[in-house]
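K.L.:
In mature numbering (1 follows the signal peptide of the UniProt record, and there is no 0), the protein residues as written are -25 to -1, 1 to 346.
C-beta atoms are modelled at their ideal positions from N, C-alpha and C, and glycine is treated no differently.
Got a structure for you, questions after.
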């Protein structure tokens, strides 16, 4: 093997490593924009949209969420990104829902079929992370993935009844029962709470069920205020990832995804009824099984510094005696200089007024009536 062949092989290895690193840095997923049928904030998907999935970046998804909340999108959004928002959002800047339900589902992209058939679907491309900056005074954030520490048998039973299923309690322990839930396809699936993967999946669904109800209660309380903030409900559903790690990608994992879609649909229906249609669902599915600490979209709440807050910060610094003496000297010097200037200007004004020649212009200036 000569030197030229070795160099070509090295070049191929370098290019392949770069392509692999770029593929790892790129995101592979889908986003669904779910809207109410009566009040439209998202453009209705056309036949071309159903046939082919358009692409969108996470930065553009975050900008769409900001606009739906009534917040100005980031200044880093390009002209192409603005055009992409026009393809997603209804062009009515004075009609925004100011409420968004955003849920990330890692590890489920390869399992998706015809989910959310009436929603607008876009393929996620570009970097695998983005940040949404929102004003903390104007947006209320509710996290939907804050799980219950130890769910009771009643809470599990209420959740099963909500989905039309049942929960058989084990006499030995509450978390050892069997949960039977129906699927949209007509079949049913059983989850054994004694198994770790099944338990993690059900606990994630319970967190979604419980926190969405808490969000509705908070919305009813906020609606009584004159200045109602925008509301963002967000979470990361890790139940599919737990099932996929335990059982692979077929069987109960696909059934779990169907059950999750049914739960999300019922949750969105409840939110649409509570918010009177003024809410949009943004569901993100990602192939990579990311952790909750590594969300695809991170929300950063910013605060604006008021003049009173700045004055309190300045007054909190206790000056030294030398600083006080310097400030007093400067103030006294400015006062003396100002007084001297006023005295000189007064003397000059009186002098020129007394020695003013009697001409027509000066008499008019002195308000003397001329015959």
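#1: Three or more C-beta pairs under 8 Å: does that hold for the stretch 128 to 140 against the stretch 54 to 65?
#2: Check the C-beta distance from residue 200 over to residue 81 and give it rounded, since I have them as a contact under 8 Å.
#3: Is it buried or exposed for residue 162, if we count other Cβ within 10 angstroms and need 16 for buried?
#4: Given a cut-off of 7 Å, decide if residue 179 and residue 213 are closer than it, judged by their beta-carbon atoms.
#5: May I ask whether a heavy atom of the ligand GTP can be found less than 6 Å away from the beta carbon of residue 123?
#6: Measure the alpha-carbon distance for residue 297 versus residue 331 and round it to whole angstroms.
#7: Quick check: the Cα distance between residue 217 and residue 224, rounded to an integer number of angstroms?
#8: If you compare alpha carbons, which of 256, 306 and 302 is closest to residue 367?
#9: Does residue 199 come out as helix, strand or coil in the three-state DSSP assignment?
#10: Short of 8 Å in beta carbon distance, which residues of its chain neighbour residue 71, apart from the five on each side in sequence? Order them along the chain.
#11: Just confirm the distance between the C-beta atoms of residue 205 and residue 74, as a whole number of angstroms; I'd bet it's less than 8 Å.
#12: Measure the beta-carbon distance from residue 99 to residue 33 and round it to whole angstroms, keeping in mind my assumption that it falls under 8 Å.
#13: Can you tell me which of the three DSSP states residue 330 falls into?
#14: Between the Cα of residue 126 and the Cα atoms of 116, 144, 115 and 139, which residue gives the shortest distance?
#15: Please report the residue range of the beta strand (DSSP E) in which residue 8 lies.
#16: Quick one: what does DSSP say residue 277 is sitting in, helix, strand or coil?
#17: Taking the beta carbon of residue 270 as the centre, do at least 16 other beta carbons fall within 10 Å, making it buried, or is it exposed?
#18: Check for me: the beta strand (DSSP E) holding residue 107 runs from which residue to which?
#19: Between the stretch 46 to 60 and the stretch 230 to 240, can you find at least three pairs of beta-carbon atoms closer than 8 Å?
#20: Can you tell me whether DSSP reads residue -2 as helix, strand or coil?
#21: Please identify the residue among 275, 30 and 104 whose C-alpha is closest to the C-alpha of residue 111.
#22: With distances taken Cα to Cα, identify the nearest neighbour of residue 250 among 4, 18 and 193.
#23: Give every residue of the same chain whose Cβ lies closer than 6 Å to the Cβ of residue 7, excluding the five residues on either side of it in the sequence, and list them in chain order.
#24: Can you give the Cα-Cα distance for residue 182 and residue 242, rounded to whole angstroms?
#25: Excluding five sequence neighbours on each side, which residues of the same chain lie with their C-beta closer than 8 Å to the C-beta of residue 122?
#26: Give the DSSP bridge partners of residue 209, in chain order.
#27: Buried or exposed: where does residue 203 fall if 16 or more other Cβ atoms within 10 Å of its Cβ makes it buried?
#28: For the candidate residues 142, 185 and 147, whose alpha-carbon lies nearest to that of residue 164?
#29: Tell me the residue span of the beta strand (DSSP E) that contains residue 155.
#30: Below 7 Å between beta carbons: does that hold for residue 119 and residue 234?
#31: For residue 169 versus residue 151, is the C-beta spacing smaller than 7 Å?
#32: Over the uninterrupted alpha helix (DSSP H) stretch that includes residue 69, give me the two end residues.
#33: Anyone know if the C-beta pair for residue 166 and residue 154 falls short of 7 Å?
#34: Tell me the DSSP bridge mates of residue 96?
#35: With DSSP as the reference, identify every bridge partner of residue 16, one or two as the case may be.
P.N.:
Taking the coordinates as given:
#1: Verdict: no, contact absent.
#2: Taking the first residue of the chain shown as 1, we reach residue 200 at position 225. Taking the first residue of the chain shown as 1, we reach residue 81 at position 106. Not really, about 35 Å apart at Cβ, beyond 8 Å.
#3: As a first step, residue 162 is located in the chain shown; it is residue number 187 there, counting from the start. With fewer than 16 Cβ atoms within 10 Å of its Cβ, residue 162 is classed as exposed.
#4: For the purposes of this step, residue 213 is taken as residue 238 along the chain shown, with counting starting at 1. For the purposes of this step, residue 179 is taken as residue 204 along the chain shown, with counting starting at 1. Using a Cβ distance threshold of 7 Å, residue 213 and residue 179 count as a contacting pair.
#5: The model depicted lacks the ligand GTP and carries no ligand whatsoever.
#6: For this step, residue 297 is matched to residue 322 along the chain shown. For this step, residue 331 is matched to residue 356 along the chain shown. Going by C-alpha positions, residue 297 is about 51 Å away from residue 331.
#7: On the chain shown, position 242 is the one that residue 217 refers to. On the chain shown, position 249 is the one that residue 224 refers to. Going by the C-alpha atoms only, they are around 11 Å apart.
#8: Here the chain has residues from -25 to 346 only, and residue 367 is not among them.
#9: Stepping through the chain shown from its first residue, residue 199 is reached at position 224. Shown here, residue 199 sits in coil according to DSSP, grouped into three states, outside any helix or strand.
#10: Residue 71 sits at position 96 when you count from the first residue of the chain shown. So the qualifying residues of the chain are 16, 42, 43, 44 and 45.
#11: Against the chain shown, residue 205 aligns to sequence position 230. Against the chain shown, residue 74 aligns to sequence position 99. So it is a contact: roughly 7 Å between Cβ atoms.
#12: Counting from 1 along the chain shown, the entry for residue 99 is found at position 124. Counting from 1 along the chain shown, the entry for residue 33 is found at position 58. Contact between residue 99 and residue 33 holds, since their C-beta atoms are separated by about 6 Å, short of 8 Å.
#13: Counted from its first residue, the chain shown places residue 330 at position 355. In the structure shown, the three-state DSSP call for residue 330 is coil.
#14: In the chain shown, residue 126 corresponds to position 151, counting from 1. In terms of Cα proximity to residue 126, the closest of 116, 144, 115 and 139 is 144.
#15: Position 33 of the chain shown holds residue 8. Here the beta strand (DSSP E) through residue 8 covers 4 to 9.
#16: Position 302 of the chain shown, counted from the first residue, corresponds to residue 277. Residue 277 falls in the strand class under three-state DSSP.
#17: The residue labelled residue 270 in the question sits at position 295 within the chain shown. Residue 270 comes out buried.
#18: Against the chain shown, residue 107 aligns to sequence position 132. Counting along the chain, residue 107 sits inside the beta strand (DSSP E) bounded by residues 105 to 110.
#19: Taking 8 Å as the limit for Cβ pairs, the verdict is that the stretch 46 to 60 does not touch the stretch 230 to 240.
#20: The residue you call residue -2 lines up with position 24 of the chain shown. For residue -2, the predicted structure reports a pLDDT of 41, less than 50, and the residue's modelled location is therefore unreliable. The matter cannot be settled from this model.
#21: Working through the chain shown from its first residue, we reach residue 111 at position 136. The shortest C-alpha separation from residue 111 is found at 275.
#22: The count along the chain shown starts at 1 and reaches residue 250 at position 275. That would be 193, whose Cα lies nearest to the Cα of residue 250.
#23: Along the chain shown, one-based indexing puts residue 7 at 32. Same-chain partners within the cutoff: 91, 94, 96 and 258.
#24: On the chain shown, residue 182 is found 207 positions in, with the first residue counted as 1. On the chain shown, residue 242 is found 267 positions in, with the first residue counted as 1. Taking the straight line joining both Cα atoms gives about 12 Å.
#25: Against the chain shown, residue 122 aligns to sequence position 147. Correct list, in chain order: 178, 179, 181 and 182.
#26: As a first step, residue 209 must be located in the chain shown, where it is residue number 234. Beta-bridge pairing by DSSP links residue 209 to 77 and 118.
#27: The count along the chain shown starts at 1 and reaches residue 203 at position 228. Exposed: under 16 other Cβ atoms inside 10 Å.
#28: Against the chain shown, residue 164 aligns to sequence position 189. When each option's Cα is compared against that of residue 164, the closest is 142.
#29: The residue labelled residue 155 in the question sits at position 180 within the chain shown. Segment 153 to 157, the beta strand (DSSP E) holding residue 155.
#30: The count along the chain shown starts at 1 and reaches residue 119 at position 144. The count along the chain shown starts at 1 and reaches residue 234 at position 259. Cβ atoms of residue 119 and residue 234: not closer than 7 Å.
#31: Looking up residue 169 in the chain shown gives position 194. Looking up residue 151 in the chain shown gives position 176. Cβ atoms of residue 169 and residue 151: closer than 7 Å.
#32: Here the question's residue 69 lines up with position 94 in the chain shown. From DSSP, residue 69 is part of no alpha helix (DSSP H); its letter is neither H nor E.
#33: Here residue 166 corresponds to residue number 191 of the chain shown, with the count starting at 1. Here residue 154 corresponds to residue number 179 of the chain shown, with the count starting at 1. Result yes, Cβ atoms of residue 166 and residue 154 sit closer than 7 Å.
#34: Your numbering for residue 96 matches position 121 in the chain shown. For residue 96, which the question treats as bridged, DSSP gives the partners 7.
#35: By one-based count along the chain shown, residue 16 stands at place 41. None, per the DSSP bridge assignment.
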